[in-house]
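Accompanying notes for the structure given below.
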Amino acid sequence: SIYSLLDFKNAAMVMMMSPRPSSMLILATAVALSSSNVSNAFLAPTPHAARYQQLSSSVVKPSTTQLHVSGSPDAPKTIEEDAALQWDMFTRHHALDGEWWGSWSTYNYMGDLEDSTVAGVSLQPNEDSNIVAHTHRILSSSTESDCQTCFSSSQVDTLPIAMYTPETLGRRHRCATVGMVVGPSVLKSGAMSTELVLRHGDGRVRVTFQHAPVWERGIEPGSCPPQGLKLFRAVVSKEKLRPTAEDGTEGTIQGPPSADEEKSSPPAPGNPRFFRPVPPFNWHAKWAGTSWTWGPQTGDRGWSIQEMDDADSWHGRPTGDAEGTWSLRLPGGVLIQCPRVIVGGMSGICRLAWMPEDDGEVGTEADGNKAKLLRIEASVMALEPIISDNDDEMMVGFHPPSLGSLRTDLLEKEGELEGASLEERAQAAEGYVWGSSPGGDADEGSVAEKSSAMSNEAVAPKMEEGSKAEKKSPTPEDEDLKKKIAADPRNALDF
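Note that this note's numbering has the sequence shown beginning at 6, numbered continuously upward.
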């Protein structure tokens, strides 16, 4: 991709899509990246080679603080300033006056729909906007009416979840413009939960990945510490912001978005359409926009994406970039990916891509509106052992799971891919990728496996020269690659 470092204030203003001011970072640090063409979806959000054009003439050395990207008076230099920035994005994009109603669809490991529940997420700030009350509103029973968007009589159960303040929000939440990650955190059942959220206009998509402890085949479960965390459930919710329902158990509420509602009252430009056909080759286009990245060492950074290369376009590869990727492509332009198994010492990437809008039709209200693509990816670490102080060979427990990096992209369609026919785009949507050479030395299978030594920090994507359609083999033919796959702990474990 062609990226340029930009004034973070201006970038953030574009990404936040609001005139409301807030404390932002300015990125004035020189970036030096390896020219290697390797990538691994389980190590860092799309760490691909890139060309950078530094807009700032000064080079500022990183400070020694935890958030060490500096160079701007408005840059968060302390934990308190970072908490204030996170609270600003949380209350701007998610904790709004209203309730996020949707159908919580539960999918199992095989990708089958197991259950669906109509519910709402309420994130209500107080008058001073310094406390947010988080509750879940579960529709337990209802009587349908002639109204296309509401129930004439409904029984709603309210479940209190938590109270957030600027000081406590960062314990489980991390925001990156319109994107948000909740977790990873351990549930009472012992499973690990990682939630990704993307908001666009009056709608948002929320997905929760849940991984449970597993052991190698032949080992009695519970006889030793877990050897991995295997995905067993994914919950997806397409939500629409509705007016806050009155307190009480009965009344009229507006439920989740529906096809009938969108047909009778088409969403205005800037709001998503959940019920529409999205051809798979629509993912393959020229996308440009802005990106927000975060890492525990680099802090928050803003990037301008002028052109996205094929290696960085993971949204066009529904099966993922690495072996052991679990994925699901859902109607309405939604793609989710996560590791099938997470093991200690290896970070796992959870991804959500969403196309909320298409190109506007000529002669309609949306004429001239560009298609939108939102992406969020987070790397998580789990099963990191705690070694006894008295015995280096004795493990006394596991560290809590942690967030390794976060990235959110806000992209618009700038045109069609040059030199790619409709047939090639359709092939790419079915698992083909664009290589860097006719010999296929940089196909996605090998690219994903060759980057095991890269950091799990959130960095800007790298640039890969050339583009030519090439089929992605389900089993790599390169012998050296096979050895690396065999040595990979995720594939060595037979779950």
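Glycine included, each C-beta is placed from N, C-alpha and C at the ideal position. It should be emphasised that the depicted structure is a prediction, and the values quoted were computed from it without experimental measurement.
Worksheet item: In terms of DSSP beta bridges, what is residue 214 paired with?
Response: 199 and 239
Worksheet item: Alpha carbon to alpha carbon, what distance is there between residue 222 and residue 228?
Response: 13 Å
Practice prompt. Compute the Euclidean distance between the alpha carbons of residue 285 and residue 393, then round it to the nearest angstrom.
Written response: 51 Å
Worksheet item: Excluding the five sequence neighbours on either side, which residues of its own chain have a C-beta within less than 8 Å of the C-beta of residue 376, listed in chain order?
Response: 287, 290, 360, 362, 363, 364, 417 and 418
Discussion item. What does the Cβ neighbour count give for residue 100, buried or exposed, with the cut at 16 atoms within 10 Å?
Written reply: buried
Item to complete: For residue 342, count neighbouring Cβ atoms within 10 angstroms of its own Cβ and tell me buried if that reaches 16, exposed if not.
Response: buried
Discussion item. Within the continuous beta strand (DSSP E) that includes residue 411, where are the two ends?
Written reply: 407-420
Worksheet entry | Buried or exposed (CB count within 10 angstroms, at least 16 for buried), residue 200 | buried
Discussion item. Mapping the DSSP letters down to three states, classify residue 75 as helix, strand or coil.
Written reply: Caution is warranted here: a pLDDT of 34 is assigned to residue 75, below 50, making its placement in the model unreliable, and no coordinate value can be reported.
Worksheet item: Are the beta-carbon atoms of residue 337 and residue 281 separated by less than 8 Å?
Response: yes
Fill in: Sequence-distant residues of its chain with Cβ nearer than 8 Å to residue 118 (five each side left out)
110, 111 and 112
Fill in: Start-to-end residues for the alpha helix (DSSP H) that takes in residue 400
Residue 400 -> not in any alpha helix (DSSP H); beta strand (DSSP E) instead, spanning 400-403.
Worksheet item: Using DSSP with H/G/I as helix, E/B as strand and the rest coil, what is residue 96?
Response: helix
Discussion item. Let me confirm a value: residue 305 is counted as buried when at least 16 other C-beta atoms fall within 10 Å, else exposed. Which label applies?
Written reply: buried
Item to complete: From the DSSP output, in three-state form, read off residue 457 for me.
Response: Its pLDDT being 36, under 50, residue 457 is placed unreliably by the model, and the measurement read from it follows with that caveat. Residue 457: coil per DSSP, three-state reduction.
Worksheet item: Does DSSP put residue 354 in a helix, in a strand, or in coil?
Response: strand
Discussion item. Counting C-beta neighbours from all protein chains within 10 Å, is the total for residue 50 16 or more, i.e. buried, or is it exposed?
Written reply: Because the pLDDT of residue 50 is 37, which lies under 50, any placement of that residue in the model is unreliable, and the number read from its coordinates should be weighed accordingly. Under this definition residue 50 is a buried residue.
Discussion item. Assuming residue 172 is part of the alpha helix (DSSP H), what are its boundary residues?
Written reply: No alpha helix (DSSP H) contains residue 172, which DSSP labels as neither H nor E.
Discussion item. Our contact map puts residue 167 next to residue 141 with C-beta atoms below 8 Å; I'd like the distance itself, whole angstroms only.
Written reply: In fact, because the Cβ distance is near 11 Å, the residues do not count as touching under 8 Å.
Worksheet item: When the Cα of residue 160 is compared with those of 248, 116, 260 and 177, which residue comes out closest?
Response: 260
Discussion item. I'd like to confirm the pairing. Which residues does DSSP put opposite residue 112 in its beta bridges?
Written reply: 118 and 239
Worksheet item: Among 400, 224, 87 and 115, which has the Cα closest to the Cα of residue 237?
Response: 115
Worksheet item: With distances taken between CB atoms, is the gap from residue 345 to residue 319 smaller than 8 Å?
Response: no
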